[in-house]
Amino acid sequence: MDDLTFYDRLGLPRDATQEEIRRAYRQLVLRLHPDTNVNKGETELFIDIQQAFERLSDPKKKADYDLQLPPEPKVVSPLNISTYYSQPSLVRLSEPQVIYTLLELNIQPDANLWMSPTPLNISLVVDCSTSMQGIRLDMVKLTAIDILRQLHPDDIFSLVKFNDWAELLIAPGGLADLKSAEMKVQLLQAGGGTEIFRGLEMGFSQVAQFHSNQRINHIILITDGRTYGDEVSCEKLADQSSALGIGISALGIGSQWNDKFLDHITSKTGGICKFIPDGGDIRNSILEEITRLGSSLTEQITINYQTTPVVELSTAYRLQPDPSPLDPVSPLILGYMPRHGTMSVLFEFVIKDIPKNVTPFVMAKGILDIEIPRHNIRTKYINRIIFDRQITAEPVSEAPPAVILNAMMILLLFTMQERAREEMSKGDFDSATRHMENLATHLLQKGEDNLAQSVLNEVAYIRHNQSFSEEGEKLIKYGTRSLLLPARSGENY
Amino acid sequence: MIVCPNCGNQEMPGALFCKECGTQFTIISRDPTMAIPSSLADHLHEAQSEDAEPVVPPTPDDASLSLFLVETGEVIPLEGLTEYTLGRSAEDQPILPDIDLGPYHAYEYGVSRLHASIKISQPYALLTDFDSANGTQLNGQKLSPHKPYPITHGDIFSMGKMKIQLLVNR
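Taken in order, these protein sequences are the chains called P and A.
If you read the first sequence in the working numbering, its first letter stands for residue -10, the second for the next number, and so on.
If you read the second sequence in the working numbering, its first letter stands for residue 60, the second for the next number, and so on.
What follows is the structure in structure tokens.
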């Protein structure tokens, strides 16, 4: 720790504000407090952080410290950060206005040379309730065996089955006895209810036991049902998981599972939530998820941000690598970064008022953290993010960049269906069906005939039954979301 | 405040799309509306004023309002809505006009994709130009954009250089 400055210890850039210092400290304390932390040697880390905070949180001591600080070493970040705005500048208005910002992260191509693959520490948590009986569980079993056979010796894998309680079928650690592990999977039987918390809790303790920031630590939940009564516990577990840097992903099979709930849980941890329709490819979906984790560089991209008081971050939406709405609160969890590829996030800021004589006007500023394995050692890179615009007297009319327009056009379809769902839940069937019909028109124009047809079928269903069909609702939600996938948008533009 | 030309929904300044109906507010200039040289437009205007009163064909019985395309002699009944957007459809345009003049050579005539609207209102209908590239003229007068103008039976308006007569079935 000797060569680390107090700023490094708190993971802050040297221009950190007092508010940022306090926030960083709070978060680290939550993770490292001797009462809660599990790993050896972290008590020491906690003391270091305590010391750093005491110095930096006192503006006078901080100023003294800054003077004796050696110049900042030049760090070559492997990350390229680009920002795009929907408008070249802002104009002061007497009413609230909105601006869109796209944040794009890329790994420098030559950085791949020195980045090593990250081993996995994952737990597969499998719902074995009665409804999984038959093809669903059979496919999951086959896939689990595939995974067992393909694991890298460095990977840590565990398998948890759950229904009304949870059972550790394959303990984490070396897979010395592959044959008996396969046998255990083969003998899995379905029966009982779905208590997701039981499964998640056991999966979590397996991953936490071997948790290491040199690995991708992740829980994959496979379920086809709804959990009752333990939602709050699941939510708490997700928060705990997220603080430790353990991601949770969910694969929902069929139409009975609770997509809203699992979207919520997974997005808290930067994980993803996928829908496998009846007759969908269960095996491929699970393997894709494993591949995704295997090819990711890190799961730990977060932005600690603060908006200027007159500005509100109203929406944050991850467009790539996995399209999903993000919870617009700080710290913003962006999720995982693929080794090859791009991460892009669209932000919608509502500006209530612009103070006089401020230019550039800072809408939000924050610190983006990314941990990248460099020659087997993970290095933390701290990047300062500022969203700002010049204020001009007259509006500068310029077409918004194509990246923003294209993203917005598809995002619009997703928001339209979200809106229809919301109206449905309020019992406003007329507005909901009208919005669904608008959505169908747009989908037809995009050449998404199948999805448009599903939407129209759903409109007919709603007119008849005054409610969504469970299958149709998910099909439309995840269908519009997947329109944002790069391969698809490539076709369209 | 931005008022959506398609559905009247209000969005904040800076919005790119209408969240209600999906209309795009900024037009990408990939397929710009064909600009008509002003001299030609003037010439057409003169020609129009010299024209004898065109023969008004009978309106279809089942429509209270219809549009008569002066050049081609086509009659388009306005049915089912209280407000109609006029324009031409183009590829990857998110919102289609209610009355698509594309098949009647709207592009060549300089009609914008969302050019104008006609709202049925007693005792007149109201014609509103959407700040179109080549403008809308009513009986030879250029309309200020986004302002509704009363229009009645027999009035001729031109979108770009496409001349249309409003027919009201009384």
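Glycine included, each C-beta is placed from N, C-alpha and C at the ideal position.
These numbers come from a predicted model, not from an experiment.
In the displayed model, A/Ala165 falls within a helix according to three-state DSSP. Between P/Gln122 and A/Met71, the beta carbon gap of about 52 Å keeps them out of contact (Cβ cut-off 8 Å).
Inter-residue distance for P/Ile359 and P/Leu282 is about 16 Å (C-alpha atoms, whole angstroms). Straight-line spacing of the CA atoms in P/Thr304 and P/Val339 works out to 9 Å.
In this structure, the CA atom of P/Ala227 is about 26 Å from the CA atom of P/Asn372. Along the length of the segment 316 to 346 of chain P, whole beta strand (DSSP E) runs at least 3 residues long occupy 321 to 327 and 331 to 340, reported in chain order.
Put simply, the CB of A/Lys78 is near chain P, with a gap under 8 Å to one of its CB atoms. Residue environment for P/Ile124: exposed (fewer than 16 other C-beta atoms within 10 angstroms of its C-beta). According to DSSP, P/Lys225 shares a beta bridge with no other residue. In this structure, DSSP gives A/Ile223 an extended state, which the three-state scheme calls strand. Contact between the segment 165 to 183 of chain A and the segment 205 to 217 of chain A is established, with three or more Cβ pairs separated by less than 8 Å.
Judged by DSSP secondary structure, P/Asp135 falls within the alpha helix (DSSP H) whose first and last residues are Ile124 to Gln139. Contact check for P/Gly182 against P/Asn152 passes: the beta carbons are separated by less than 8 Å. Between P/Trp246 and P/Arg204, the CB-CB gap reaches or exceeds 8 Å. Here P/Leu464 has Pro266 and Ser443 as same chain residues with Cβ atoms under 7 Å from its own Cβ, once five neighbours each way along the sequence are excluded. Close CB contacts of P/Tyr73 within its chain, under the 6 Å cut and outside five residues either way in sequence, are with Leu91, Pro390, Val392 and Ile393 (chain order). DSSP places P/Arg204 in the coil class of the three-state scheme, outside both helix and strand.
In this structure the segment 263 to 277 of chain P does not lie against the segment 338 to 352 of chain P, because fewer than three pairs of beta carbons, one per stretch, are closer than 8 Å. Residue pairing by DSSP places P/Cys262 opposite P/Ala239 in a beta bridge.
With 16 or more other CB atoms across the displayed protein chains lying within 10 angstroms of its CB, P/Gln76 is buried.
Taken in chain order, the members of the segment 378 to 400 of chain P whose beta-carbon sits within less than 8 Å of a beta-carbon on chain A are Ala388, Pro389, Ala391, Ile393, Leu394, Met397 and Met398. Pairing P/Ser230 with A/Ala74, the inter-Cα distance amounts to about 37 Å.
If you ignore the 5 residues before and after P/Ile271, its C-beta comes within less than 6 Å of the C-beta of Met128 and Ile265, all in its own chain and listed in chain order.
Looking only at P/Ala179, P/Gly180, P/Ser66 and P/Met191, the smallest Cα-Cα distance to P/Ile159 is reached by P/Met191.
The C-beta of P/Ser112 has 16 or more other C-beta atoms within 10 Å across all chains shown, which makes the residue buried.
For the pair of segments examined, the segment 143 to 159 of chain A was found to touch the segment 168 to 175 of chain A: the number of CB pairs separated by less than 8 Å reaches three.
In chain order, Leu401, Met405, Asn427 and His431 make up the part of chain P whose C-beta sits under 7 Å from the C-beta of A/Gly81. Close partners of A/Leu140 in chain P (Cβ separation under 7 Å) are lacking, with about 13 Å as the shortest Cβ gap.
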